[in-house]
Amino acid sequence: MIVKQLSIFLENKAGAIADITKLLGSNNINIRSLQIADSADFGILRLIVDDGVKALELVKNEGYTAKLTDVINAVVPDKPNGLNELLNILTENNIEIEYLYVFIGNTNFGAEAILKAPNIKEVDELLLKKYY
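Residue 79 is where the sequence shown starts when you use the numbering used here, and the numbers rise one by one after that.
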């Protein structure tokens, strides 16, 4: 399934992530997943939220550099090789992954993988046919 991911460019300093979570929470934005890729001075905070458009507007109004990106949210079975099944389909179809992060979702279904690939609609259709 294609979902919107909010990416925010943050200075790597104490409280930076808390500032974002407070801003979103105080405006009734629910964070469903969060991942940060960082360097010594800056990081990219990636979030899946329940209202990406509103969240983007909020963080931009606070002076942050941010954007919304389409990504795939794929359910990963809670079993050995669960993630590998998903990755094998992508590999067999020559699909490169730009980035991937996994989090525990509803424990009845396993984990969830968020992935970014060059042709997101094509990947979504492929997974609907061969993975689910």
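For glycine and all other residues, C-beta sits at the position ideal for the given N, C-alpha and C. No experiment lies behind these values; they were computed from the predicted model shown.
Rounded to a whole number of angstroms, what is the C-alpha to C-alpha distance between residue i and residue j?
i, j, result
"residue 120", "residue 142", "12 Å"
"residue 157", "residue 190", "13 Å"
"residue 227", "residue 177", "Since the first and last residues shown for the chain are 79 and 210, residue 227 lies out of range."
"residue 196", "residue 166", "17 Å"
"residue 153", "residue 179", "12 Å"
"residue 148", "residue 82", "5 Å"
"residue 207", "residue 201", "10 Å"
"residue 84", "residue 94", "16 Å"
"residue 209", "residue 164", "7 Å"
Is the beta carbon of residue i less than 8 Å from the beta carbon of residue j?
i, j, result
"residue 192", "residue 107", "no"
Buried or exposed, going by whether 16 or more other CB atoms sit within 10 Å of the CB of residue i?
i, result
"residue 86", "buried"
"residue 80", "exposed"
"residue 182", "exposed"
"residue 194", "buried"
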